[in-house]
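K.L.:
The structure's right below; bear with me while I get my questions together.
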């Protein structure tokens, strides 16, 4: 297993970790500068941040710092209430693939979606339908369609299985096994075009995790995200802990991941409305760097 205590060359910061600092939204350009000032050489930005900053401007800034993208957040959200919605999702994913390519991202991360309308505030948590099998079928068909275009432009797609607590609203693919079954069906040759983004927050609990990581292997493990599971968890979405402040066996999981052949970035992704988003970017990035070397 790689020794992260000697340097932070394999540290990446998902920009959600520091997009809010002391309660205020921080522009992507400033986040990039904060990372560059500390010698952090990889990030994973979100599409809305890139849109606000400008795609070409962001690409130029990244190039000027020699900064890589461990991933690009995010595509997906395929299920829809009707045919027009399904087409719109495919069109949006095509744009996401183009953006990821323009930024030279290692992969486009897919949060695949689930019951359509569940996140629509105007619907008060009432989805258009509750047929989870239908949602999973639409996810499969959507990824198949996106994969065809992604192959043409050379942008790998990385499904991110989410914790079952988000099965109704954000992702109906909830285990690594489910994600790999889709990979095997759509990319049986393991070409590198389709794989997974493994986020420890979502999969640490899975009794099949070690076996499924070994099954994934180097060809399927496209991204690796770290944080920690806080006890008690105060919010299902935005109460992730800094690495070392929770119960996830981080070193054990990384050992499995690297034994399977993964040698890429450890990407810190922390949604923390009650803690880290209330601190300065300097505090948060310093903690990320220290914990990356000591507990990841």
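Numbering (UniProt numbering), first residue to last: 1 to 296.
The beta carbon of each residue, even a glycine, is placed where N, CA and C say it ideally should be.
Please list the terminal residues of the continuous alpha helix (DSSP H) segment that includes residue 291.
P.N.:
One-based indexing of the chain shown puts residue 291 at position 291. Counting along the chain, the alpha helix (DSSP H) containing residue 291 begins and ends at 281-294.
K.L.:
Beta-carbon within less than 6 Å of residue 236's beta-carbon, same chain only, minus the 5 sequence neighbours each way: which residues are those?
P.N.:
Position 236 of the chain shown, counted from the first residue, corresponds to residue 236. Excluding residues within five positions, the ones whose Cβ falls inside 6 Å are 165.
K.L.:
In this structure, does DSSP put residue 202 in helix, strand or coil?
P.N.:
If you number the chain shown from 1, residue 202 lands on position 202. The answer is helix: DSSP assigns residue 202 an H, G or I state.
K.L.:
Rounded to whole angstroms, what is the Cα-Cα separation between residue 298 and residue 216?
P.N.:
For the chain, the structure presents residues 1 to 296; residue 298 sits outside this window and is missing.
K.L.:
With DSSP collapsed to three states, give me the class of residue 136.
P.N.:
Taking the chain shown and counting its residues from 1, one reaches residue 136 at position 136. If DSSP states are grouped into helix, strand and coil, residue 136 belongs with the helices.
K.L.:
Could you compute how far the alpha carbon of residue 9 sits from the alpha carbon of residue 40?
P.N.:
To locate residue 9, count along the chain shown from 1; it is residue 9. To locate residue 40, count along the chain shown from 1; it is residue 40. Cα-Cα distance, rounded: 7 Å.
K.L.:
Measuring only the C-alpha atoms, how far is residue 214 from residue 185?
P.N.:
Here residue 214 refers to the residue found at position 214 when the chain shown is read from its first residue. Here residue 185 refers to the residue found at position 185 when the chain shown is read from its first residue. Those two C-alpha atoms are separated by around 18 Å.
K.L.:
Provide the residue(s) that pair with residue 267 in DSSP beta bridges, ordered along the chain.
P.N.:
As a position in the chain shown, residue 267 is number 267, starting the count at 1. Answer by DSSP bridge pairing, in chain order: 12 and 225.
K.L.:
Tell me, to the nearest whole angstrom, how far the beta carbon of residue 70 is from that of residue 12; I am working on the premise that it is less than 8 Å.
P.N.:
One-based indexing of the chain shown puts residue 70 at position 70. One-based indexing of the chain shown puts residue 12 at position 12. 4 Å between Cβ atoms; contact.
K.L.:
Look at residue 221 and residue 259 and say whether their C-beta atoms are less than 8 Å apart.
P.N.:
Counting from 1 along the chain shown, the entry for residue 221 is found at position 221. Counting from 1 along the chain shown, the entry for residue 259 is found at position 259. Not a contact, by the Cβ cut-off of 8 Å.
K.L.:
Per DSSP, what kind of secondary structure is residue 56 in: helix, strand or coil?
P.N.:
The sequence position of residue 56 within the chain shown is 56, counting from 1. The answer is helix: DSSP assigns residue 56 an H, G or I state.
K.L.:
On the three-pair Cβ rule with 8 Å, is the stretch 239-251 touching the stretch 80-97?
P.N.:
Judged by Cβ distances under 8 Å, the stretch 239-251 makes no contact with the stretch 80-97, as fewer than three pairs qualify.
K.L.:
Within 10 Å of its beta-carbon, does residue 148 have 16 or more other beta-carbons around it, so buried, or fewer, so exposed?
P.N.:
Along the chain shown, read from residue 1 onward, the residue named residue 148 stands at position 148. The residue in question, residue 148, is exposed, as its Cβ has fewer than 16 Cβ neighbours within 10 Å.
K.L.:
Quick check: the Cα distance between residue 291 and residue 83, rounded to an integer number of angstroms?
P.N.:
In the chain shown, counting from the first residue as 1, residue 291 sits at position 291. In the chain shown, counting from the first residue as 1, residue 83 sits at position 83. Residue 291 and residue 83: Cα-Cα distance of roughly 46 Å.
K.L.:
Starting from the N-terminal side, write out each stretch of the alpha helix (DSSP H) that is 4 residues or longer and does not extend beyond the stretch 39-108.
P.N.:
As far as the stretch 39-108 is concerned, its whole alpha helix (DSSP H) runs of at least 4 residues are 47-53, 55-64 and 83-102.
K.L.:
Could you tell me which residues DSSP pairs with residue 272 in its beta bridges?
P.N.:
Sequence index remark: in the chain shown, residue 272 carries index 272 (1-based). In DSSP, residue 272 forms a bridge with 239.
K.L.:
For residue 266, count neighbouring C-beta atoms within 10 Å of its own C-beta (all shown protein chains included) and say buried if the count is 16 or more, exposed if not.
P.N.:
Here residue 266 refers to the residue found at position 266 of the chain shown. Result: buried.
K.L.:
For residue 17 versus residue 270, is the C-beta spacing smaller than 8 Å?
P.N.:
To locate residue 17, count along the chain shown from 1; it is residue 17. To locate residue 270, count along the chain shown from 1; it is residue 270. It is a contact, given that the beta carbons lie within the stated cut-off.
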